[in-house]
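Participant:
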Amino acid sequence: MQQPTREELLAWDRWHVWHGFTQMAEYEPLVFMEGQGCRLRDLDGRWYLDGVASLWCNVHGHRHPRLDAAVRAQLERVAHVTNLGASNVPAIQLARRLAQLAPPGLEHVFFSDSGSTAVEVALKMAFQYWRQRRQPKPGKNRFLALAEAYHGDTLGSVSVGGIELFHQIFRPLLFECFRAPAPDTYRTPPGVQPDELCAYYLQQVEQILQDHHHQIAAMIVEPLVQCAAGILTHPPGFLRGVRELTKKYDVLLIADEVAVGFGRTGQMFACQQEGVTPDFLCLGKGLTGGYLPMAATLTTTEIWNAFLGRYEENRTFFHGHTYGGNPLAAAVALANLELFEEERILESLPAKIARLQEHLERIGGLPHVGHVRQCGLIAGIELVEDRASKRPYPRSERRGWRVCLQARTEGVFVRPLGDVVVIFPPLAILLEELDFLCQVIERAIAAVCP
0 MQQPTREELL AWDRWHVWHG FTQMAEYEPL VFMEGQGCRL RDLDGRWYLD
50 GVASLWCNVH GHRHPRLDAA VRAQLERVAH VTNLGASNVP AIQLARRLAQ
100 LAPPGLEHVF FSDSGSTAVE VALKMAFQYW RQRRQPKPGK NRFLALAEAY
150 HGDTLGSVSV GGIELFHQIF RPLLFECFRA PAPDTYRTPP GVQPDELCAY
200 YLQQVEQILQ DHHHQIAAMI VEPLVQCAAG ILTHPPGFLR GVRELTKKYD
250 VLLIADEVAV GFGRTGQMFA CQQEGVTPDF LCLGKGLTGG YLPMAATLTT
300 TEIWNAFLGR YEENRTFFHG HTYGGNPLAA AVALANLELF EEERILESLP
350 AKIARLQEHL ERIGGLPHVG HVRQCGLIAG IELVEDRASK RPYPRSERRG
400 WRVCLQARTE GVFVRPLGDV VVIFPPLAIL LEELDFLCQV IERAIAAVCP
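For the sequence shown, numbering that gives the first Met the number 0 begins at 0 and goes up steadily by one.
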C-alpha cells in the first residue's frame, strides 16, 4: 500500500477525524508521528517537549524499552479475551497489585476502558449497593458532587460533572445531583480568610449531607485538585474532612483519581496524602503509563458482598466492557507499576516538584498572571486582564490558547483550560527539561500578555 503524502494526511485529518474538545472549523492539524522520552516529533521533523503528558496519562515517557517489551511479549501470547465470566493472567496479576498499592481495604477491582467508565461503574455500584445490602435503603438514589467538577463524558459521569461550558447542553439527558461549592483557593468567598477556607467549604458539604443524607448514595470528589476545572487546588484537610463527614452521615465516598493518581501528586494515590480510604477508587490515564486504554474501579469487601447471591436472585452487577481487563493493557500496566519501584519514581519527585515551584513563583510575578496553582507535578497558571480585581480576559481573546501556540514555536506542546495554562508533564521529565518547559511558557506569556 502506497504511503500517503504529508498533504494528504493533513487534508484527511481536517476532514475525516473529529477531534475531541476541538472546534473543527478552526482546527489546524498538528500530527505527531514519533515519540522518544518526553518528546514528540511531528510530520515536519520538529520535536516538541510533551508538557501535557499526552493528555495527563504518560508517566515514564514515550517508547520506554520496558513498556514496549511488555506489549510485545503479551502479543506473543494473546491480545484479547473477554473479562465477562473469564479471565487472563495479566489482569489477575494487575488486580492483585492494585489492591496491594491502594489505600487499605480496597480489595476488589472492576476493569473498564476509560476514566469516564471507571466513574460510571462506581456510580452504578453505589446505587445498586443500597438496594441489595442486608438493610436496604433504596431511597438513597442521588449523588453529591462539587461545582466545577469533571468526571468524564459518559452520561452518568457528566451528570455528576459541573462545568457548564462542557455539560450544560446535555442537561435534558442528565440526572440531577446535589452540588456543593468548589473549594477554590483563588476566587474565594467574601470575608473568608485563607486559614478559614477548609472549614468554610466543609460546612457547605455538611449542610447538604445533614439535610439530604437519606437521599444521597455517594459523594464524588477529585482528591486534592480539580484538574479540568482549571487546576483548582483544594485547601489542605478538605479531603480528610469530606471522608469524615461521609462516614458520619452514612454516605459512600467515590474518589476520582483518574487524573491525579499514579504519582502525580507526589504519592502513588492522592488519597494517601491525607490518609483517606474511599469506598470507591477510580483509576485510568496513568494506569498503563499512557500506553493503552484501561481503567479500574476499586472497592471494598462490604460493597462486594452486597452483590453476592444465587443466580436467580439477580444480584449480579449487570455491567461490563468488551475490552475490560484487556491482556495487552494489563501487561503494560504491570510493567508500569514495576518501573515505579525499579526506577524509584516516587523518590525522584520531590526535587522535580520543588523545581516546578521555583519556576511558578517567578512566573507568578508576571503582570497578567493572576494566580499560580500547584499540586505535585500538576500546575495551572491563570491569566487575567487585571490582577487586582481578578478580572478575566474576554473569552474571545483566547489568551490561554495563544500562549500555547506561542510555546509551540519554541518546541513545547501544552494545552490550556480556558485562560489557565496547564503544566502536566510525564513524571519521567528531567530537571533540565522541566526548566526548558517553564522558561518557554514564561516567555510565551510575556509575549501574548505584555
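Glycine included, C-beta positions come from ideal geometry on N, C-alpha and C.
Hey, Ala98 and Val331 are a contact pair by Cβ (cut 8 Å); roughly how many whole angstroms apart?
Facilitator: With 8 Å as the limit, Ala98 and Val331 do not qualify as a contact, their Cβ atoms being about 19 Å apart.
Participant: Find out if the Cβ-Cβ distance for the pair Ala117, Thr296 is shorter than 8 Å.
Facilitator: yes
Participant: Under DSSP, the beta strand (DSSP E) around Cys374 begins and ends at which residues?
Facilitator: Counted as a single uninterrupted DSSP element, the beta strand (DSSP E) harbouring Cys374 occupies residues Val368 to Cys374.
Participant: Quick one: grab the DSSP three-state call for Trp303.
Facilitator: Correct three-state label for Trp303: helix.
Participant: Can the beta-carbon of Met218 be found less than 8 Å from the beta-carbon of Leu252?
Facilitator: yes
Participant: Report the CB separation of Ile428 from Cys56 in whole angstroms; it is logged as a contact under 8 Å.
Facilitator: Wrong, their Cβ atoms sit about 14 Å apart, outside the cutoff.
Participant: With which residues is Arg38 paired in a DSSP beta bridge?
Facilitator: Gln35 and Leu48
Participant: Along the chain, which unbroken stretches of the alpha helix (DSSP H) at least 4 residues long are found entirely within the region 70-157?
Facilitator: 88-100 and 114-131
Participant: Could you say if the region 71-83 and the region 267-286 meet the contact criterion of at least three C-beta pairs nearer than 8 Å?
Facilitator: no
Participant: Near Gly324, which residues of its chain fall below 6 Å by C-beta distance, leaving aside the five closest residues on each side in sequence?
Facilitator: Asn82, Ala90 and Phe110
Participant: When the Cα atoms are used, what is the spatial distance from Gln214 to Val157?
Facilitator: 20 Å
Participant: Between Phe412 and Met32, what straight-line distance do the alpha-carbon atoms span, to the nearest angstrom?
Facilitator: 14 Å
Participant: Our contact map puts Gly375 next to Arg239 with C-beta atoms below 8 Å; I'd like the distance itself, whole angstroms only.
Facilitator: With a Cβ gap of about 17 Å, Gly375 and Arg239 do not count as contacting.
Participant: Rounding to the nearest angstrom, what Cα-Cα distance links Ala10 and Asp41 in this structure?
Facilitator: 15 Å
Participant: Is it true that the region 392-404 meets the region 349-357, where meeting means three or more beta-carbon pairs spaced less than 8 Å apart?
Facilitator: no
Participant: Taking the straight line between their C-alpha atoms, what separation do you get for Met267 and Leu100?
Facilitator: 8 Å
Participant: Specify, as a first and last residue, the run of the beta strand (DSSP E) that Ala179 falls within.
Facilitator: Phe177 to Ala179
Participant: Should Thr315 go down as buried or exposed, given a rule of 16 or more other Cβ atoms within 10 Å for buried?
Facilitator: exposed
Participant: Counting only the same chain and skipping the five closest in sequence on each side, list residues whose C-beta sits under 6 Å from that of Ala125.
Facilitator: Ala216, Ala217 and Leu251
Participant: In chain order, what residues of the same chain have a beta carbon less than 7 Å from the beta carbon of Thr287, not counting five sequence neighbours either side?
Facilitator: Met293, Ala328, Val331, Ala332 and Asn335
Participant: Across which residues does DSSP place Gln225 in a beta bridge pair?
Facilitator: Leu231
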